[in-house]
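>
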Amino acid sequence: MSSSSIEINPLLCPLCHKSNECAYAAGKPYTECWCMSRSVPQELLSRIPDEQRRKACVCEACVIAFHARGTDKA
């Protein structure tokens, strides 16, 4: 399957495939999103597959796991 045929769901985390709880993707103001009050490391963002970057957000659970484990895989 080519990357152009992959269906991207903006409501699912591209790393764990669970709900990312993104307020903006759900149609709410981005200011209501959990990510506005939490630091999301660039190293974690770099793990998002290329075809999903800027199309699906990482979930808070993956951010918390990344911070808890340091640079280990979230």
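For the sequence shown, the UniProt record's numbering gives the first residue as 1, with consecutive numbering after it. Ideal Cβ placement from N, Cα and C applies to all residues, glycine included.
Mapping DSSP to helix, strand and coil, what is LEU11?
Residue mapping note: residue 11 aligns to position 11 of the sequence shown, counting from 1. Here LEU11 sits in coil by DSSP.
> Taking buried to mean at least 16 other C-beta atoms within 10 Å of its own C-beta, is ALA56 buried or exposed?
Counting from 1 along the sequence shown, the entry for residue 56 is found at position 56. Looking at its Cβ environment, which holds 16 or more other Cβ atoms inside 10 Å, ALA56 is buried.
> Take the Cβ of GLN42 as the centre, count every other Cβ of all protein chains shown within 10 Å, and call the residue buried at 16 or more, exposed below.
Taking the sequence shown and counting its residues from 1, one reaches residue 42 at position 42. Under this definition GLN42 is an exposed residue.
> Could you tell me if PRO14 is buried or exposed, where buried requires 16 or more neighbouring beta carbons within 10 angstroms of its beta carbon?
Locating residue 14 in the sequence shown gives position 14, where the first residue counts as 1. Counting Cβ neighbours within 10 Å, PRO14 comes out buried, since at least 16 surround it.
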